[in-house]
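Everything below concerns the one structure shown next.
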Amino acid sequence: MAMLPLWLGAAPFGVIYAVSALAAGLSPAQTLAMSLLVFAGASQFTAVGMLAAGAGPLAVAVTTLILNARHLLMAASLAPHLRGLGPWGRLLLAAQLTDESYAVGIGRYIEGRGTPAFLAGCNLSLYTVWPLSTMVGILLGRAIPDPAAYGLDLVFPLTFVGLLVPLLKVRANRPVALVAGALTVGGALLLPGSWYVLLAGVGASGVGAWIGGRLEHEGRERSANSTNAKGANSANGKGAGDDPTPGGAP
Amino acid sequence: MMIWLTIVGMAAVTLATRALPLLVMRGELPPWLTRWLSFVPVAVFTALALRPLVVSGGPDPRLMLGAPLLAGLVGALAAWRTGSVFGTIAIGMAAYWLLRLAGV
Numbered sequence: 001m002a003m004l005p006l007w008l009g010a011a012p013f014g015v016i017y018a019v020s021a022l023a024a025g026l027s028p029a030q031t032l033a034m035s036l037l038v039f040a041g042a043s044q045f046t047a048v049g050m051l052a053a054g055a056g057p058l059a060v061a062v063t064t065l066i067l068n069a070r071h072l073l074m075a076a077s078l079a080p081h082l083r084g085l086g087p088w089g090r091l092l093l094a095a096q097l098t099d100e101s102y103a104v105g106i107g108r109y110i111e112g113r114g115t116p117a118f119l120a121g122c123n124l125s126l127y128t129v130w131p132l133s134t135m136v137g138i139l140l141g142r143a144i145p146d147p148a149a150y151g152l153d154l155v156f157p158l159t160f161v162g163l164l165v166p167l168l169k170v171r172a173n174r175p176v177a178l179v180a181g182a183l184t185v186g187g188a189l190l191l192p193g194s195w196y197v198l199l200a201g202v203g204a205s206g207v208g209a210w211i212g213g214r215l216e217h218e219g220r221e222r223s224a225n226s227t228n229a230k231g232a233n234s235a236n237g238k239g240a241g242d243d244p245t246p247g248g249a250p
Numbered sequence: 251m252m253i254w255l256t257i258v259g260m261a262a263v264t265l266a267t268r269a270l271p272l273l274v275m276r277g278e279l280p281p282w283l284t285r286w287l288s289f290v291p292v293a294v295f296t297a298l299a300l301r302p303l304v305v306s307g308g309p310d311p312r313l314m315l316g317a318p319l320l321a322g323l324v325g326a327l328a329a330w331r332t333g334s335v336f337g338t339i340a341i342g343m344a345a346y347w348l349l350r351l352a353g354v
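Heads up: the protein sequence lines correspond to chains R and A, in order.
Residue numbering for the first sequence follows the numbering used here, beginning at 1 and increasing consecutively.
Residue numbering for the second sequence follows the numbering used here, beginning at 251 and increasing consecutively.
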């Protein structure tokens with residue numbers, strides 16, 4: 001029941017993904033196989049865009065890796081709750097981990113009511129909705145023989161505009177988007193294939209992390225200064241180096 | 251064949267990122283890596299949104315400032331106001347068709 005809004009959120013994306021995938025030249029079997037085997041919305045959208053631009057398997061896999069590296073964080077934060085499970089149980093839960101089921105599942109654990117069975121239920125329900133909506137999209141995509149003729153290839157970038165722009169309400173994300181924009185245009189004009197995605201994905205997020213680290217240093221120094229001299233000394237000592245890892249709490 | 255290879259490669263790396271921490275992790279990720287990874291979606295979304303709007307596809311990519319970019323900007327405004335992906339697509343597409351009718 002807790003997953004219902006998430007099904008409604010995921011299903012239309014499954015449909016759009018499938019329509020874009022067919023337009024990019026994937027066969028219906030490949031379109032469905034990707035939903036079943038990869039089962040990661042943002043990565044599938046990205047892969048379709050890159051394949052349409054003629055990218056090779058290596059470029060797509062590396063981009064998928066950096067895009068999905070956030071799952072490392074999610075799985076890592078679930079790990080302490082799943083210590084009691086055997087390795088196969090953990091592998092099964094991990095294989096279907098998504099942003100949505102993680103959010104609902106970890107929420108339950110934070111409330112103190114979480115169980116592996118609940119998490120598995122969240123996972124499985126999405127793993128049903130996602131391929132089903134993909135199939136609906138395949139049927140729909142085959143009904144429209146030439147999507148580009150209607151400008152429907154614009155649906156793809158507009159999807160990402162819709163995902164991106166609300167994120168820009170978080171101030172720290174703005175310089176990242178700006179740098180990513182510059183790297184994208186430069187990379188797309190000068191580099192072959194879809195390497196611009198990787199360039200922008202790694203480069204701009206690195207810049208964001210660096211800026212975030214600097215701000216954190218300053219913030220810590222400022223708050224330390226305002227509280228007591230001893231704290232300020234230790235913060236300054238820490239902030240003096242150019243080490244990009246501002247590390248644990250003082 | 252290349253597409254199947256791509257799908258298998260994607261499946262492998264996706265499974266690895268999901269399963270590795272649960273199978274082998276003992277401690278926490280270093281904070282700098284956590285922060286870096288938190289910015290990856292913004293950076294990748296920007297790249298994927300912008301390229302089809304301002305750079306033409308094909309073997310000889312060129313900068314293009316026309317109807318797709320304008321429609322993208324209208325979509326961005328809609329996204330800012332509504333926060334809805336579907337609102338963004340609907341309004342962006344409507345803007346694109348109007349621009350095309352107007353001969354842009």
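Glycine included, every Cβ here is placed at the ideal spot set by N, Cα and C.
Excluding the 5 residues preceding and the 5 following G337 (chain A) in the sequence, name in chain order all residues of the same chain whose CB lies nearer than 7 Å to its CB.
Within the second sequence, residue 337 (chain A) is the residue found at index 87, counting from 1. Cβ neighbours of G337 (chain A) beyond the five flanking positions: A328.
Using the C-alpha atoms, what's the distance from T264 (chain A) back to L190 (chain R)?
Taking the first residue of the first sequence as 1, we reach residue 190 (chain R) at position 190. Taking the first residue of the second sequence as 1, we reach residue 264 (chain A) at position 14. Looking at the two C-alpha atoms, the distance is approximately 29 Å.
Given T227 (chain R), which residues of its chain have a CB within under 7 Å of its CB, disregarding the five upstream and five downstream residues?
The count along the first sequence starts at 1 and reaches residue 227 (chain R) at position 227. At T227 (chain R), the pLDDT of 46 sits below 50, so the modelled position is not reliable; the number obtained from the coordinates is stated separately. Nothing listed; no residue qualifies.
Output yes if chain R places a C-beta closer than 7 Å to the C-beta of V324 (chain A); else output no.
Locating residue 324 (chain A) in the second sequence gives position 74, where the first residue counts as 1. False, the Cβ-Cβ gap to chain R never drops below 7 Å.
Could you tell me if the beta carbon of S101 (chain R) falls within a distance shorter than 6 Å of some heavy atom in the ligand SAM?
The model depicted lacks the ligand SAM and carries no ligand whatsoever.
Could you spell out where the alpha helix (DSSP H) holding L273 (chain A) opens and where it closes?
Locating residue 273 (chain A) in the second sequence gives position 23, where the first residue counts as 1. From DSSP, the alpha helix (DSSP H) with L273 (chain A) extends over 252-274.
Mind checking the stretch 142-171 of chain R against chain A and listing, in chain order, the residues whose C-beta falls within less than 9 Å of any C-beta there?
Cβ contacts with chain A: Y150, G151, L152, D153, L154, V155, F156, P157, L158, T159, F160, V161, G162, L163, L164, V165, P166, L167, L168, K169, V170.
Looking at the unbroken alpha helix (DSSP H) that takes in F295 (chain A), where does it start and where does it end?
Sequence index remark: in the second sequence, residue 295 (chain A) carries index 45 (1-based). First-last of the alpha helix (DSSP H) with F295 (chain A): 281-304.
Do A340 (chain A) and A321 (chain A) count as a contact pair if the criterion is CB distance below 7 Å?
In the second sequence, counting from the first residue as 1, residue 321 (chain A) sits at position 71. In the second sequence, counting from the first residue as 1, residue 340 (chain A) sits at position 90. Not a contact, by the Cβ cut-off of 7 Å.
List the residues of chain A that R214 (chain R) touches, going by C-beta distances under 9 Å, in chain order.
What you label residue 214 (chain R) is simply residue 214 of the first sequence in a count that begins at 1. Those do not exist, as R214 (chain R) stays about 11 Å from chain A at its closest Cβ, beyond 9 Å.
Do G342 (chain A) and L158 (chain R) have their C-beta atoms closer together than 7 Å?
Working through the second sequence from its first residue, we reach residue 342 (chain A) at position 92. Working through the first sequence from its first residue, we reach residue 158 (chain R) at position 158. Their beta carbons are under 7 Å apart, which means G342 (chain A) touches L158 (chain R) by this criterion.
Of all Cβ atoms in chain A, is any one closer than 7 Å to the Cβ of G40 (chain R)?
Taking the first residue of the first sequence as 1, we reach residue 40 (chain R) at position 40. One detail in the question is off: residue 40 (chain R) reads as Ala in this sequence, not Gly. Chain A, which has a Cβ nearer than 7 Å to the Cβ of A40 (chain R), makes this yes.
Does any residue of chain A have a CB that is nearer than 7 Å to the CB of P28 (chain R)?
In the first sequence, the residue the question calls residue 28 (chain R) occupies position 28. No, because no Cβ of chain A sits closer than 7 Å to the Cβ of P28 (chain R).
Which residues in chain R have a C-beta closer than 9 Å to the C-beta of G333 (chain A)? List them in chain order.
By 1-based counting over the second sequence, the position of residue 333 (chain A) is 83. Under the 9 Å cutoff, chain R gives G162, V165, P166, K169.
Can you name the start and end residues of the alpha helix (DSSP H) that V179 (chain R) belongs to?
Here residue 179 (chain R) refers to the residue found at position 179 of the first sequence. Element bounds for V179 (chain R): 173-190.
With a threshold of 16 other CB atoms inside 10 Å of the CB of V87 (chain R), please say whether the residue is buried or exposed.
As a first step, residue 87 (chain R) is located in the first sequence; it is residue number 87 there, counting from the start. Checking the displayed sequence, the identity of residue 87 (chain R) turns out to be Pro instead of Val. Exposed, since its Cβ has fewer than 16 Cβ neighbours within 10 Å.
Does the distance from the C-beta atom of A172 (chain R) to that of G141 (chain R) stay below 7 Å?
Within the first sequence, residue 172 (chain R) is the residue found at index 172, counting from 1. Within the first sequence, residue 141 (chain R) is the residue found at index 141, counting from 1. No, Cβ-Cβ distance for A172 (chain R) and G141 (chain R) is not below 7 Å.
I'd like the span of the alpha helix (DSSP H) that includes I138 (chain R), first residue to last.
Taking the first sequence and counting its residues from 1, the one referred to as residue 138 (chain R) is at position 138. 116-143 is the extent of the alpha helix (DSSP H) around I138 (chain R).
Grab the span of the alpha helix (DSSP H) containing Y251 (chain R) for me, first residue to last.
Residue 251 (chain R) is absent from the structure shown; chain R starts at 1 and stops at 250.
How about F289 (chain A) and V176 (chain R): do their beta carbons lie closer than 7 Å?
In the second sequence, counting from the first residue as 1, residue 289 (chain A) sits at position 39. In the first sequence, counting from the first residue as 1, residue 176 (chain R) sits at position 176. Yes.
Assess contact between the stretch 15-25 of chain R and the stretch 74-89 of chain R, defined as three or more Cβ pairs (one per stretch) separated by less than 8 Å. Is contact present?
Because the criterion of three Cβ pairs below 8 Å is not met, the stretch 15-25 of chain R and the stretch 74-89 of chain R do not touch.
Could you check whether the Cβ of H217 (chain R) sits closer than 7 Å to any Cβ belonging to chain A?
In the first sequence, residue 217 (chain R) corresponds to position 217, counting from 1. Output row for H217 (chain R): interface = no.
Confirm, please, whether the CB-CB distance from F45 (chain R) to A299 (chain A) is below 7 Å.
Locating residue 299 (chain A) in the second sequence gives position 49, counting from the first residue. Locating residue 45 (chain R) in the first sequence gives position 45, counting from the first residue. No.
Can you tell me whether DSSP reads L78 (chain R) as helix, strand or coil?
Position 78 of the first sequence holds residue 78 (chain R). Three-state DSSP puts L78 (chain R) in a helix.
Could you tell me the alpha carbon to alpha carbon distance between A10 (chain R) and V129 (chain R), rounded to whole angstroms?
The residue labelled residue 10 (chain R) in the question sits at position 10 within the first sequence. The residue labelled residue 129 (chain R) in the question sits at position 129 within the first sequence. Taking the straight line joining both Cα atoms gives about 8 Å.
Take the Cβ of G137 (chain R) as the centre, count every other Cβ of all protein chains shown within 10 Å, and call the residue buried at 16 or more, exposed below.
Position 137 of the first sequence, counted from the first residue, corresponds to residue 137 (chain R). G137 (chain R) is buried by the Cβ-count criterion.
To which residues of the same chain is H81 (chain R) closer than 7 Å at the C-beta, ignoring the five residues directly before and after it?
As a first step, residue 81 (chain R) must be located in the first sequence, where it is residue number 81. The residues are Y109, G114.
Quick one: using the 10 Å Cβ neighbour count with 16 as the cut-off for buried, is E100 (chain R) buried or exposed?
Residue mapping note: residue 100 (chain R) aligns to position 100 of the first sequence, counting from 1. Under this definition E100 (chain R) is a buried residue.
R331 (chain A): buried (16+ other C-beta within 10 angstroms of its C-beta) or exposed?
By one-based count along the second sequence, residue 331 (chain A) stands at place 81. By the 10 Å Cβ count, R331 (chain A) comes out exposed.
Kindly indicate if chain R contains any beta-carbon less than 7 Å away from that of L287 (chain A).
Locating residue 287 (chain A) in the second sequence gives position 37, where the first residue counts as 1. It does: the Cβ of L287 (chain A) has a partner Cβ on chain R nearer than 7 Å.
Helix, strand or coil for L6 (chain R), going by three-state DSSP, please let me know.
On the first sequence, residue 6 (chain R) is found 6 positions in, with the first residue counted as 1. Looking at L6 (chain R) - three-state DSSP - the assignment turns out to be helix.
For a test of the three-state rule: what should DSSP assign to L313 (chain A), helix, strand or coil?
The residue labelled residue 313 (chain A) in the question sits at position 63 within the second sequence. Three-state result, L313 (chain A): strand.
With DSSP as the reference, label F336 (chain A) as helix, strand or coil.
The sequence position of residue 336 (chain A) within the second sequence is 86, counting from 1. It is helical.
Closer than 7 Å, CB to CB, is L351 (chain A) near chain R or not?
Residue 351 (chain A) sits at position 101 when you count from the first residue of the second sequence. No, because no Cβ of chain R sits closer than 7 Å to the Cβ of L351 (chain A).
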